[in-house]
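Scroll down for the structure; my scribbles are underneath it.
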Amino acid sequence: MQFKWNEKINQVTENTLVVGMDIAKRVHYACFVDERGRVIEKAFAVHQSKEGFEHLYEKIRQTMKEAKKTEVIVGIEPTGHYWMNLANFLDHYGIPLVMVNPMHVKRSKELDDNLPTKNDKKDALVIARLLKDGRFSYPRLLKEVEAELRIGSTLRSKLTEDLASIKNRIIRWLDRYFPEFTQVFPAFGKMALATLEMTPLPQDIDGKSAEELVFLYRKVKGMRAPQLPKAKLLIEAATNSIGLTEGTQMARHEIATLLRQYRLLENEIESVNSQLSEMAQSTMEYELLASVPGLGDATIVDLLSEVGSFSLYENPRQLIKLAGLTLRENSSGQHKGQKHISKRGRKRLRYILFKVIVPLIRHNEGFKQLHEYYTTRQQNPLRGKQSMVVLCGKLLKVLHGICKKKVHFNEQNMMKDLYCLSEAV
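The letter at position 291 of the sequence shown is residue 291 when you use full-length UniProt numbering, and the numbering goes up by one with no holes.
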């Protein structure tokens, strides 16, 4: 870590123009300092437009000429998605862009004036002075397939959330107008959706035989063989229904609207999944990741969208830190605090890892035995969730190893490499 920090500090020399920028939606602010933090150009506005970016570029070139600088480094505090257009512009001109942790900016803004005031101009200067001390990180600007996977995975996640929201609204509708429906159809299958489309209210079913309902539901697109026993149960449920009988005209319109949205989202998710799976299979690491029992297409897509190529990381500890799984503790004197994960990293990556570790423990013998060892060992046994967090880090190490060495996952080799499991092999 110390070597990396020194390496960053060495990048800012007497020939380097340091540019600190505070990012906003419409107007950014930029401040120029030298290698010792002395202000060369006070903070000025940079508009979020092509003209604004071109003005910044010309300002950088002019200042470098006047101050006799041959190199430049631009640092930003990432704010939402507003920095991405600027990053793309700077990358086009070959200007290096680095990032400053927002927490560092917040905690160091009082060093100069001992005041808790916060404004865009002040933040730009604070960011610039953090750069000269090497307190920055390098962003990975995703390109080509990696960029497609990141955007597509985020889109799929949002569509899935929208689908769950629509499903909850349908359940709420059923609770009011047909509470007994879920006793016949616990899940939203094809016949359940066909029933809601053709006979949404109990009074639509009254007076019809089971055979008539089956014939009616067969008209729905994609519904080939409605189940006769289900139709009989539906008639019984409708006969004894306690659903509301007022406002049924708009109730029909509401459920029809919800069903259209539900089917549209289902089709969109299916289309996105198909495209993402095809893109993931075109990457060099897909086959290696797929060799791990318990990792499916959807999980591989999510991992590649969050991490990018595993082989680009020098050490698996970088991946563990990226996921926010590094341990932290608060200790002082004779007091030794408890250890917790830092959670300083990609929240969605942690979610993906925690979601995939459950089937891995069930279907992957190596991870299953490792989980049993961690939870049953004599000294310092871990609780279930603690063990799963440790296994998330272990999974990242395994994935990094097979991608770096370009080998398929071998369960026996993994168990041999772990002293605690070597006896079981």
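Backbone N, C-alpha and C define an ideal beta-carbon position, used for all residues, glycine too. None of the values given here were measured: they were computed from a predicted structure.
Given a cut-off of 8 Å, decide if L319 and L396 are closer than it, judged by their beta-carbon atoms. yes
Sort out for me which residues DSSP pairs H400 with in a bridge. Partner(s): none; H400 has no beta bridge.
Helix, strand or coil: how does DSSP classify T375 here? helix
Runs of alpha helix (DSSP H) wholly within the stretch 38 to 82 (minimum 4 residues, chain order): 50 to 66
I want to know whether the stretch 193 to 211 touches the stretch 224 to 235 - three or more CB-CB distances under 8 Å. yes
Measuring straight from C-alpha to C-alpha, what distance separates N10 and N413? 41 Å
Residue(s) in a DSSP beta bridge with M21: A30, I76
Where do the ends of the alpha helix (DSSP H) carrying L234 lie? 228 to 239
In angstroms, rounded to a whole number, what distance separates the CA positions of K25 and P229? 59 Å
Is the stretch 372 to 380 close to the stretch 399 to 408, with three or more CB pairs under 8 Å? no
Check whether I402 and L288 have beta carbons under 8 Å apart: yes
Selected residue, minimal CA-CA separation from R348, among E148, T13, T154, L131: T154
For V98, which three-state DSSP category applies? strand
Can you confirm whether the stretch 84 to 100 touches the stretch 53 to 60 when touching is taken to mean that 3 or more C-beta pairs between the two stretches lie within less than 8 Å? yes
Name, in chain order, the residues that DSSP records as bridge partners for T16. E71
Bounding residues of the alpha helix (DSSP H) (the contiguous stretch that carries A192): 190 to 198
Please report how far the alpha carbon of L353 lies from the alpha carbon of K343, in whole angstroms. 13 Å
Decide if D113 is buried, meaning its Cβ has at least 16 other Cβ atoms within 10 Å, or exposed. exposed
Terminal residues of the alpha helix (DSSP H) in which M250 lies: 248 to 281
State the DSSP-derived secondary structure class of S108, mapped to helix, strand or coil. helix
Applying the criterion that 16 or more other CB atoms from any shown protein chain within 10 Å of the CB defines a buried residue, is A124 buried or exposed? buried
What I want to know is whether the C-beta of S153 ends up closer than 7 Å to one or more non-hydrogen atoms of the ligand SAM. Absent from the structure shown: the ligand SAM. Ligands present: none.
Pull up the distance between the alpha-carbon of F3 and that of L264, whole angstroms please. Only weak support exists for where F3 lies, its pLDDT of 46 falling under 50; the coordinates are left without a value.
Report the rounded CA-to-CA distance for K167 versus D175, giving the unit in angstroms. 12 Å
Which value, in whole angstroms, describes the spacing of the CA atoms of M1 and R317? For M1, the predicted structure reports a pLDDT of 41, less than 50, and the residue's modelled location is therefore unreliable. A value from the coordinates is still provided. C-alpha separation (whole angstroms): 11 Å.
Closer than 7 Å by C-beta to T182: which residues in its own chain qualify, once you throw out the five before and the five after it? Chain order, please. L174
Inter-residue CB distance, E31 and A128 (contact presumed, cutoff 8 Å): Reading off the sequence, residue 31 comes out as Cys, not Glu. Sure, about 5 Å apart at Cβ, within 8 Å.
On the CB-based measure, 16 or more other CB atoms within 10 Å of its CB, does H371 come out buried or exposed? buried
Residues of its chain near H28, where Cβ-Cβ distance is below 6 Å and the 5 sequence neighbours each way are ignored: M21, V46
Take the Cβ of S271 as the centre, count every other Cβ of all protein chains shown within 10 Å, and call the residue buried at 16 or more, exposed below. exposed
Considering only residues of the same chain and omitting the five flanking positions on each side of M250, which have a CB-CB separation below 8 Å? none
Within a Cβ cutoff of 8 Å, which residues of the same chain sit near V425, ignoring the five residues on either side of it in sequence? With a pLDDT of 45 at V425, under the threshold of 50, the modelled position of this residue cannot be trusted, and the question is left open.
Could you say which of N101, K368, Q386, V19 lies nearest to R135 if we only look at CA atoms? N101
Which of the three DSSP states, helix, strand or coil, is assigned to S209? coil
For P316, report the span of its alpha helix (DSSP H) as first-last. 316 to 322
How long is the line joining the alpha carbons of P186 and K355, rounded to whole angstroms? 24 Å
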